[in-house]
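Chemist:
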Amino acid sequence: MPFYQYNNLPALHLASRTGNAEIIKRLLEVCNPNKADNNHQTALHHAAETGRVDASLLLVQRQVSLKAQDNRGRTALHSAAESGHVRVVQTLIDGGADVNQRDNIRQTALFLAAGNGHETVVRMLAYRGADMNMEDNNRWTPLCIAADNLQDQTTRTLIELGEDINMEDGVGRKVLDIVASKLSGDVGSKPNANQAVFLAAKQGHEAVLQVLLACGVDINGKDFDGWTPLTQAAASGDEVMAKLLLEKGADIEATDTEYGWTPLSWALIKGKEAVLKLLLEKGADIEACAGCQQTPLSQAAHTGDDVRAKLLLENGAYAETKDQFHRTPLSRAAKEGNNTVAKLLLEKGAHVDAKDCHNRTPLSLAAEGGHETVTELLVENGANIEAKDGKYGQTPLSLAAMNGHEAVTRLLLEKRADLKTRDTFYEQTPLSWAAKGGHETVTELLLENGANIEAKDGKYGQTPLSLAAMNGHEAVTRLLLEKGADFETQDTFYEQTPLLWAAKGGYEAVAKLLLENGAFLETEDGAGRTPLSWAAQGGHEAVVKLLLDKDCDVQAHDDNGRTPQSWACKGGHYAISRLLHMP
């Protein structure tokens, strides 16, 4: 505190507080050493509170009263113990201070030292005869005070020194109850024992945890998510706490309820390497599967944690384990683009063409995700570049093209991937997939490498231009037209041209582009329906207006004798019907 706050103190008190031994000696010749200030504190109180060893010794030698109490009933020993001044405490005890003298609320110096976490003072007082099981007005013992303040080391020391952990306070609470309430953050609450242990582990209170365990609390108790204290310690990376829990018999294979993960899995996911090593050293199951049938190695591969993946492999983790999708760690690494882990797994002999439940290889997954580096790594390690999956029968090139991954597409083409390959479901080429997805740069790249611009798929007989038009991809449509694509081509299933598809989908910009390039305005599909007929039925007013501006035939009848206006009425598009009404 600032000096001016003590300007009303007697001279001896002030000198004792500042520790000026020479002045104290002179003042003792003329002053009453036991004179009290306004708070009933003697000079010795002030010397003890501020840790002035020499001043305290001088006053003790002059027979200053060691039993003098301030307005709270506290002696100089109380003051020194509360502040943790070890040498002053020793000086006072050596001078004859009563270690069990109580203050106004019946607390001894030991209570104050325990509550403030002064472990050395606690030991000194205990060794010099302090009663550890003495109770204050609330029937709290020093252990209760230490536990309530979550003073870990002091709590443990008091237990080691023999304080009774089963004593109850004035309202019947034991140390366990006090600790649990304090840990929960709600003084009035009564959390159960399992929750108390979990909270101690979560908050890193090692000694408090030992208190709880000494009270017989279940070390493997779970919270609402099925987490044990060890799970929490593993997830938070608290190696000291994890080690303590394991030494006390914590279940190393306990699983949570949400994911079915063990402490090992949580240590891995949270990146806590020290705890991971500890758990492996203690025999944690390295192949333990979570709810998704993922082993720790699968999880490391998924997250790209090469350091921990290497650690797991060095400890014998199986590189070909499969998750619920039958994906190996290499497949998971490839899917997520984790090149370093993929390389590590390949070096350990992982099967480069392992197939998942859809018969997709790591290369297929890497290509689908657009992971160029991993794709190159897999190809260099002998991956089958033409492997077809079991879902649609697509090759890595088709998957890359479908998802618009230019770099991977380029790489696969450089590696001589087959441009003409077709999937087994739609029988579409990579170019068709790129056009269908609206991927302009990939479409151009495939064309530059010789892809057939008029290749029709095997299911509907649609060309890349039809696929681009029917999905409203203006840029790809323009590119294909510039490259000479046939704009009057008809598919083999519906017999529709690109313009019909654009009108049907309501894609005004694409329809306009096709018309500007010479598409036949009155083209008919297999049912005799024109672009206007389809636009009217779909309620695509902008396309209808575009076609009307081109002087299309408003009265064109399809094979069922219906006009565009009748289709508009059927669809409830009355504004379009009025546009088509002939006076």
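Everything in the sequence shown is counted per the working numbering, starting at 21 for the first residue and increasing by one.
Here a beta-carbon is modelled for each residue, glycine too, at the ideal position from N, C-alpha and C.
Remember, predicted model here, so these are calculated numbers, not experimental data.
#1: May I ask you to check if the CB of ALA354 is nearer than 7 Å to at least one heavy atom of the ligand NAD?
#2: Buried or exposed: LEU575, going by 16 or more other Cβ atoms within 10 Å of its Cβ?
#3: Does the separation of the CB atoms of TYR480 and THR444 fall below 8 Å?
#4: Could you tell me whether the Cβ atoms of LEU86 and ALA100 are closer together than 8 Å?
#5: So, at 8 Å on beta carbons, what are the nonlocal neighbours of LEU534 in its own chain, with the 5 sequence-adjacent residues on each side left out?
#6: Figure out for me which residue from ALA255, SER553 and PRO162 has the closest Cα to the Cα of ALA287.
#7: Near THR251, which residues of its chain fall below 7 Å by C-beta distance, leaving aside the five closest residues on each side in sequence?
#8: State the start and end residues of the unbroken alpha helix (DSSP H) segment that holds SER85.
#9: If THR10 and GLU139 are in contact, beta carbons under 8 Å, what's the gap, nearest whole angstrom?
#10: Using only CA atoms, which one of GLU49, ALA129 and ASP569 lies nearest to GLU69?
#11: Leaving out five residues before and five after LEU97 in sequence, what residues of the same chain have Cβ atoms less than 8 Å from its Cβ?
#12: Closest by CA to THR323, which one among PHE131, VAL231, LYS355 and ALA531?
#13: Going by C-alpha to C-alpha distance, which of ALA455, GLY424 and THR395 sits closest to GLU434?
#14: Assess, as a yes-or-no matter, whether the region 382–389 is touched by the region 334–346 under the definition of 3 or more beta carbon pairs within less than 8 Å.
#15: Using the C-alpha atoms, what's the distance from ASP477 back to GLU604?
#16: Starting from the C-beta of GLY608, find all residues in its chain whose C-beta is less than 6 Å away, skip the five residues before and the five after it, and write them out in chain order.
#17: Tell me where the alpha helix (DSSP H) around ILE473 begins and ends.
#18: Quick one: give me the first and last residue of the alpha helix (DSSP H) that LYS368 is part of.
#19: Helix, strand or coil for ASN359? Go by DSSP, reduced to three states.
#20: LEU299 CB to nearest chain B CB: under 8 Å?
#21: Could you check whether GLY457 and GLY424 sit closer than 8 Å to each other, using their CB atoms as the reference points?
#22: Please classify HIS601: is it buried, with 16 or more other beta-carbons within 10 angstroms of its beta-carbon, or exposed?
#23: So what's TRP587 in DSSP terms, helix, strand or just coil?
#24: Does DSSP put PRO53 in a helix, a strand or coil?
#25: Assuming ALA475 contacts THR463 (C-beta within less than 8 Å), just tell me the rounded distance between them.
#26: Would you kindly work out how many angstroms separate the C-alpha atoms of TYR527 and VAL563, rounded to a whole number?
Modeler: Taking the structure as given:
#1: Within the structure as shown, the ligand NAD is missing, as the structure has no ligands at all.
#2: It should be noted that the sequence gives Gln, not Leu, for residue 575. The Cβ neighbour count for GLN575, taken over all protein chains shown within 10 Å, is under 16; the residue is labelled exposed.
#3: For the pair TYR480 and THR444, the CB atoms are not nearer than the 8 Å cut-off.
#4: Taking a C-beta distance under 8 Å as the contact criterion, LEU86 and ALA100 do not qualify as a contact pair.
#5: Only ALA489, THR497, LEU501, PHE507, PRO518, LEU519 and ALA522 meet the Cβ criterion.
#6: The option with the nearest alpha carbon to ALA287 is ALA255.
#7: So the qualifying residues of the chain are ALA274, ASP276, PRO283 and TRP286.
#8: It is not in any alpha helix (DSSP H) - SER85 carries neither H nor E in the DSSP assignment.
#9: No information on residue 10 is available, as it lies outside the stretch 21 to 603 that the chain covers here.
#10: It is ALA129.
#11: Excluding the 5 residues flanking it on each side, LEU97 has same chain C-beta neighbours closer than 8 Å at ALA68, LEU86, VAL109, LEU112, ILE113, ALA117, ASP118, VAL119, GLN121 and ALA129, in chain order.
#12: Out of PHE131, VAL231, LYS355 and ALA531, LYS355 has the C-alpha closest to the C-alpha of THR323.
#13: Taking only the C-alpha atoms, the option nearest GLU434 is THR395.
#14: Touching, no.
#15: Outside the modelled stretch of the chain, which goes from 21 to 603, sits residue 604, for which no answer is possible.
#16: Outside the shown range of the chain, which is 21 to 603, sits residue 608, and nothing can be said about it.
#17: Counting along the chain, no alpha helix (DSSP H) covers ILE473, and no H or E run does either.
#18: Segment: none, LYS368 is in no alpha helix (DSSP H) and carries neither H nor E.
#19: DSSP places ASN359 in helix when its eight states are reduced to three.
#20: Structure shown: chain B not included; a single protein chain is present.
#21: For the 8 Å CB-CB criterion, GLY424 and GLY457 form a contact.
#22: Counting Cβ neighbours within 10 Å, HIS601 comes out exposed, since fewer than 16 surround it.
#23: Helix at TRP587.
#24: PRO53 falls in the coil class under three-state DSSP.
#25: Between ALA475 and THR463 a beta carbon distance of about 12 Å is seen, past the 8 Å cut, so the two are scored as non-contacting.
#26: If I take the Cα positions, the gap works out to 7 Å.
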